[in-house]
Amino acid sequence: MRNKQKKHTADHSIPVRVTQAKNAARGAQEIAQAEDHLSVPREHSRKGDTTELEKLLGGNKKQDMSTFVQGNARRRLLVRIIIVLFILFGLAFAGFLYFTKGASKFGQDVSFTISASEQVASGEVITLDVEYINNENLDLKDVELTMQFPDGFTFQSSTPMNTAPNTWLLGDIDAHAGGKLAIKGQLVGDVGSVKNFSGTLAYTPSNFNYGFTIEASTLVTINTSALSLEVDAPLRVIPAKEFETKITYTNTSDEAIDGLRVLLVPPDSYTMTNADPQADHNAWDIESLDSQSNDTVSFFGSLSGQVGDQAQFQVKIGFVNSQGIFTPQTEKTFLVLLIKAGMTLEVKATT
């Protein structure tokens, strides 16, 4: 009876074990299939590559986190560099605008003027008054004045003296200080002409690396001449008979005048026989004529022609430059009539 019970118990346990074995085999097979599906080839695994299963399970989590942290650090550094560069650019641009604006305004308080008599006589010695004032809050360095003189002006002197032709080195000018310059010279030109005197003042402010310039000018009109003429000659003469003519010239200015010439333009029928002082091709050069003084030249000659003919004479006085060019200032024309013997008359003409 016991044997029958044991046999019956054993018969019932066999199916259970078989079922458990099948279940275990099926589970192992499923795991193997899942591993085969998610894994990479074995040769790749040998090289240290991470399988997809390992990635899913977080096997390479430490390495990925390190790369992510390093990437964020580089991005933050790049952003910081860009911000710093932008700030530096903004500061540089703001500084450029500030100094450009300051430079454009600088110099407005530096005064530079040139003045002279508005109307003068040709041949007169004129004085140009140059004044410069630094009203800025900065000192001015290497101040230099350059003048441009018109034709007909002859420089004579200046206070202070110039260091080069038409140039004066004025040195440094303190803030809220200035100076003056006087330039003297003789002005010659046609009556009615206008002469332009201009100058340039160059300087460098004490805290600047580049210089500035300012210009000034003045106009002078020649409304008369400092030279006058008087002619003393006969109104009528006898043909071929010698007669005397006197020319008196006067300097009406307050300064001596240098480099003068008196020129006689006679008719073709006139022959000069003598002159005092001696003439050179009907011309007399005068080295200098004192202020408010006069002098005279006289000459003798005769006219040819028929009774009733009229001869025209012209006398000029003016300046001769270093090149020998003559610039007339005043002129006088007079006529002489040829008459029969026994009729003479003198006339004095004044310019």
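The opening position of the sequence shown corresponds to residue 11 in my numbering, with each subsequent residue numbered one higher. Built from N, CA and C at the ideal position, the CB exists for glycine as well.
Mind checking residue i: buried by the 16 CB within 10 Å criterion, or exposed?
| i | result |
| --- | --- |
| Val-94 | exposed |
| Ile-124 | buried |
| Met-171 | exposed |
| Pro-215 | buried |
| Lys-251 | exposed |
| Ala-351 | exposed |
| Gln-118 | exposed |
| Ile-91 | exposed |
| Thr-340 | buried |
| Phe-96 | exposed |
| Val-153 | buried |
| Leu-237 | buried |
For my contact list, residue i and residue j are in at a C-beta cut-off of 8 Å; report their separation, rounded to the angstrom.
| i | j | result |
| --- | --- | --- |
| Ser-308 | Thr-255 | 7 Å |
| Thr-337 | Val-198 | 6 Å |
| Leu-270 | Phe-329 | 6 Å |
| Asn-304 | Thr-258 | 6 Å |
| Val-247 | Leu-299 | Not a contact, Cβ separation roughly 30 Å. |
If you measure between the beta carbons of residue i and residue j, is that distance less than 8 Å?
| i | j | result |
| --- | --- | --- |
| Gly-189 | Leu-180 | yes |
| Glu-141 | Val-230 | no |
| Gly-315 | Leu-348 | yes |
| Phe-207 | Pro-160 | yes |
| Met-366 | Asn-144 | Residue 366 cannot be examined here, being either before or after the span of the chain that is shown, 11 to 361. |
| Ala-126 | Thr-210 | no |
| Ser-332 | Ala-131 | no |
| Ser-167 | Lys-194 | yes |
| Glu-146 | Ala-185 | yes |
| Leu-191 | Leu-155 | yes |
| Leu-213 | Leu-138 | In the sequence as displayed, the identity of residue 213 is Tyr instead of Leu. Not closer than 8 Å, so no. |
| Met-282 | Gly-311 | yes |
| Glu-265 | Val-120 | no |
| Ile-232 | Ser-203 | yes |
On the three-state DSSP scale, how would you describe residue i?
| i | result |
| --- | --- |
| Asn-172 | coil |
| Phe-99 | helix |
| Val-89 | helix |
| Ala-236 | coil |
| Arg-56 | Since pLDDT at Arg-56 reaches only 47, below the 50 mark, its modelled position is unreliable, and the value read off the structure follows with that caveat. Three-state DSSP puts Arg-56 in a helix. |
| Asn-292 | coil |
| Ala-226 | strand |
| Ala-187 | strand |
| Ala-351 | coil |
| Val-325 | strand |
| Val-140 | strand |
Requested in this report: Specify whether the segment 320-327 and the segment 274-282 touch according to this definition: at least 3 beta carbon pairs, one from each stretch, less than 8 Å apart.
Outcome: With the cut-off at 8 Å, the segment 320-327 and the segment 274-282 touch.
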